[in-house]
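Here the structure comes first, spelled out in structure tokens, and everything after it is commentary.
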Amino acid sequence: VPFKPRAAGARAWEPSSPELLAPARFALDEYNRGRAAGSRAVLGTVRGRVRRTAQGSLYSLEATLEEPPCKDPLVCLLPVSKKTMLCTFEILNELGKHILLRRDCGPVDTKVTALVSSLFQPYPDNRNESVSSFLPQLNSDPLHQDFSMKITSVFKDFVATYNRTYESEEEAQWRLSVFARNMVRAQKIQALDRGTAQYGVTKFSDLTEEEFRTIYLNPLLREEPSKKMRLAKSLTDP
Amino acid sequence: APPEWDWRKKGAVTEVKDQGMCGSCWAFSVTGNVEGQWFLNRGTLLSLSEQELLDCDKVDKACLGGLPSNAYTAIEKLGGLETEDDYSYQGHVQACSFSAQMAKVYINDSVELSQNEQKLAAWLAQKGPISVAINAFGMQFYRHGIAHPLRPLCSPWLIDHAVLLVGYGNRSNIPFWAIKNSWGSDWGEEGYYYLHRGSGACGVNTMASSAVVN
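Chains as they are written, first to last, in the working numbering: chain A, 1 to 238; chain B, 1 to 214.
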């Protein structure tokens, strides 16, 4: 295996180095721990280096993990939610046993910028907007052609589940449009989340972001300076 | 701090409540904290009145929002909190009908807690659930799992929702806070939100406070 010395006791490894596979698979198992079969991520590329220490071998890995495509219809409607995570791991191999010392994962950067900027597109003022008009590509992209039908079906389930009533057909159409936008928005939030959270249909899915903020959130928390409170005493040793 | 803690398992947390179409999260966060403090100091879990705070805390703005620090002061000045049964939640402001004779709990003081999440965990495990405020980014669509939004999307400077820390632990090696929300049990994980712990996610460590019951 070709390598360049980086520091005393350290070697740089090629991506295909077999010695990295065992710690990489261990890291993957740790990443997938608690997940059901079918929802586990798979290993993409791996690269890294190893440092020999008195305690054993310390592996520093950088790996891409491919999350499986989303299957829950309440969480994802568009077939675009496959997510690539870029992870760094520090793994110690001591007497043949792997120990995960550090893990840091996040979505691959190339997708992040576009997703972040598209998250903050405003809702339209036009209350006559339909589902197909806000995503014109739905009309041409065969992958998305059934989106309108799917979203209408999920919206009907939402209306039934949460006992929604709307004043008019126009209002219902507008809410369907907001709901569809929110589903796309939820998927973007999902793609940008670094944890295990799932985002999708909730009882607030037919509200615009502004409506949600106005009705349910508390702007005073950031607008008004909090009254100075006495600091709690430090805890004594238990 | 112990590696994990859950006050729900120890009987210190009432059922998940629903603030309805009203920005009264601050009141629910504070009553949840006082419920925990009263339980830990007096041994009885009582479900306490948010409506009393909406109606009688004149510094805060009922459904338009409020601050936990003001609410503690209001509870002290009023002379305590009535129970949920005696002063039930309506979800909109009404005339104050608090009666000191009906108050079932009191508080003596309130304190601000550390911004260090390890110290917060230690405090929680020893002293009880903590009132905190967070940036609610993504919560409109949250269903389950541990949320860990990118920091620029969930800035600690844009706090807009008050909630209650009731526990913490790790799931699949990911550290989390268990957070009681006030949007009903048909939201999130039976009304609870799980947020990444240790990274200052969504400003969870910036406005931690508690009532003091002697």
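No residue lacks a Cβ here, since even glycine has one placed at the ideal position from N, Cα and C.
Beta-carbon proximity of residue i to residue j, cut-off 8 angstroms
{"i": "residue 16 of chain B", "j": "residue 180 of chain B", "result": "yes"}
{"i": "residue 124 of chain B", "j": "residue 105 of chain B", "result": "no"}
{"i": "residue 145 of chain B", "j": "residue 91 of chain B", "result": "no"}
{"i": "residue 177 of chain B", "j": "residue 165 of chain B", "result": "yes"}
{"i": "residue 242 of chain A", "j": "residue 187 of chain A", "result": "Within the shown structure, residues of chain A are numbered from 1 to 238, placing residue 242 of chain A beyond reach of any answer."}
{"i": "residue 129 of chain B", "j": "residue 12 of chain B", "result": "yes"}
{"i": "residue 40 of chain A", "j": "residue 32 of chain A", "result": "yes"}
{"i": "residue 55 of chain A", "j": "residue 92 of chain A", "result": "yes"}
{"i": "residue 147 of chain A", "j": "residue 205 of chain A", "result": "no"}
{"i": "residue 53 of chain B", "j": "residue 71 of chain B", "result": "yes"}
{"i": "residue 168 of chain B", "j": "residue 121 of chain B", "result": "yes"}
{"i": "residue 220 of chain A", "j": "residue 79 of chain B", "result": "no"}
{"i": "residue 180 of chain A", "j": "residue 215 of chain A", "result": "no"}
{"i": "residue 93 of chain B", "j": "residue 60 of chain B", "result": "no"}
Assigned secondary structure, residue i (DSSP; H/G/I helix, E/B strand, else coil)
{"i": "residue 204 of chain A", "result": "coil"}
{"i": "residue 79 of chain B", "result": "coil"}
{"i": "residue 108 of chain A", "result": "coil"}
{"i": "residue 133 of chain B", "result": "strand"}
{"i": "residue 87 of chain A", "result": "strand"}
{"i": "residue 108 of chain B", "result": "coil"}
{"i": "residue 93 of chain A", "result": "strand"}
{"i": "residue 34 of chain B", "result": "helix"}
{"i": "residue 2 of chain B", "result": "coil"}
{"i": "residue 61 of chain A", "result": "strand"}
{"i": "residue 227 of chain A", "result": "coil"}
{"i": "residue 221 of chain A", "result": "helix"}
{"i": "residue 8 of chain B", "result": "helix"}
{"i": "residue 50 of chain A", "result": "strand"}
{"i": "residue 236 of chain A", "result": "coil"}
{"i": "residue 159 of chain A", "result": "helix"}
{"i": "residue 42 of chain A", "result": "strand"}
{"i": "residue 42 of chain B", "result": "helix"}
{"i": "residue 137 of chain A", "result": "Because residue 137 of chain A sits at a pLDDT of 47, beneath the cut-off of 50, its placement in the model cannot be relied upon, and the following sentence gives the value as read from the coordinates. Reduced to three states, the DSSP call for residue 137 of chain A is helix."}
{"i": "residue 100 of chain A", "result": "strand"}
{"i": "residue 15 of chain B", "result": "coil"}
{"i": "residue 48 of chain B", "result": "strand"}
{"i": "residue 66 of chain A", "result": "strand"}
{"i": "residue 127 of chain B", "result": "helix"}
{"i": "residue 216 of chain A", "result": "helix"}
{"i": "residue 64 of chain B", "result": "helix"}
{"i": "residue 98 of chain B", "result": "coil"}
{"i": "residue 22 of chain B", "result": "coil"}
{"i": "residue 54 of chain B", "result": "helix"}
{"i": "residue 90 of chain B", "result": "coil"}
{"i": "residue 146 of chain A", "result": "coil"}
{"i": "residue 122 of chain B", "result": "helix"}
Residue i CB to nearest heavy atom of the ligand NAP below 7 angstroms
{"i": "residue 174 of chain A", "result": "You won't find the ligand NAP in this model; it holds no ligand whatsoever."}
Top-ranked residue by Cα proximity to residue i, from the options
{"i": "residue 57 of chain A", "options": "A:99, A:67, A:38 and A:42", "result": "A:99"}
{"i": "residue 213 of chain B", "options": "B:66, B:114, B:39 and B:6", "result": "B:39"}
{"i": "residue 186 of chain B", "options": "A:188, A:187, A:184 and A:202", "result": "A:202"}
{"i": "residue 212 of chain A", "options": "B:22, B:9 and B:148", "result": "B:22"}
{"i": "residue 160 of chain B", "options": "A:218, A:96 and A:198", "result": "A:218"}
{"i": "residue 182 of chain A", "options": "A:193, A:208 and A:164", "result": "A:208"}
{"i": "residue 153 of chain B", "options": "B:171, B:201, B:34 and B:162", "result": "B:201"}
{"i": "residue 63 of chain B", "options": "B:74, B:69 and B:50", "result": "B:50"}
{"i": "residue 210 of chain A", "options": "B:182, B:127 and B:136", "result": "B:136"}
{"i": "residue 10 of chain B", "options": "B:43, B:102, B:204 and B:169", "result": "B:43"}
{"i": "residue 110 of chain B", "options": "B:86, B:73, B:93 and B:127", "result": "B:73"}
{"i": "residue 193 of chain B", "options": "B:175, B:143, B:100 and B:172", "result": "B:143"}
{"i": "residue 28 of chain A", "options": "A:17, A:163, A:88 and A:180", "result": "A:88"}
{"i": "residue 133 of chain B", "options": "B:59, B:57 and B:156", "result": "B:156"}
{"i": "residue 89 of chain B", "options": "B:189, B:28, B:8 and B:14", "result": "B:28"}
{"i": "residue 7 of chain B", "options": "B:36, B:24 and B:141", "result": "B:36"}
{"i": "residue 48 of chain A", "options": "A:69, A:36, A:20 and A:38", "result": "A:20"}
{"i": "residue 67 of chain A", "options": "A:156, A:169, A:106 and A:230", "result": "A:106"}
For residue j and residue i, believed in contact at Cβ under 8 angstroms, the rounded distance
{"i": "residue 84 of chain A", "j": "residue 34 of chain A", "result": "In fact, because the Cβ distance is near 21 angstroms, the residues do not count as touching under 8 angstroms."}
{"i": "residue 115 of chain B", "j": "residue 31 of chain B", "result": "At roughly 24 angstroms, the Cβ-Cβ gap does not stay under 8 angstroms, so residue 115 of chain B and residue 31 of chain B are not in contact."}
{"i": "residue 67 of chain B", "j": "residue 228 of chain A", "result": "Residue 67 of chain B to residue 228 of chain A, Cβ: 12 angstroms. No contact."}
{"i": "residue 148 of chain B", "j": "residue 195 of chain A", "result": "3 angstroms"}
{"i": "residue 23 of chain A", "j": "residue 65 of chain A", "result": "In fact, because the Cβ distance is near 14 angstroms, the residues do not count as touching under 8 angstroms."}
{"i": "residue 162 of chain B", "j": "residue 26 of chain B", "result": "4 angstroms"}
{"i": "residue 59 of chain A", "j": "residue 50 of chain A", "result": "5 angstroms"}
{"i": "residue 172 of chain A", "j": "residue 166 of chain A", "result": "4 angstroms"}
{"i": "residue 185 of chain A", "j": "residue 235 of chain A", "result": "The pair is not a contact, with the Cβ atoms about 42 angstroms apart (cut-off 8 angstroms)."}
{"i": "residue 83 of chain B", "j": "residue 48 of chain B", "result": "6 angstroms"}
Beta carbon proximity, residue i to chain E, threshold 8 angstroms
{"i": "residue 85 of chain B", "result": "The question asks about chain E, but that chain is absent: this structure's protein chains are A and B."}
Which full runs of the alpha helix (DSSP H) of 4+ residues lie inside the region 165-210 of chain A, going along the chain? 169-192
Whole beta strand (DSSP E) runs in the region 142-214 of chain B with 3 or more residues, listed along the chain? 142-144, 161-171, 174-180, 192-196 and 209-212
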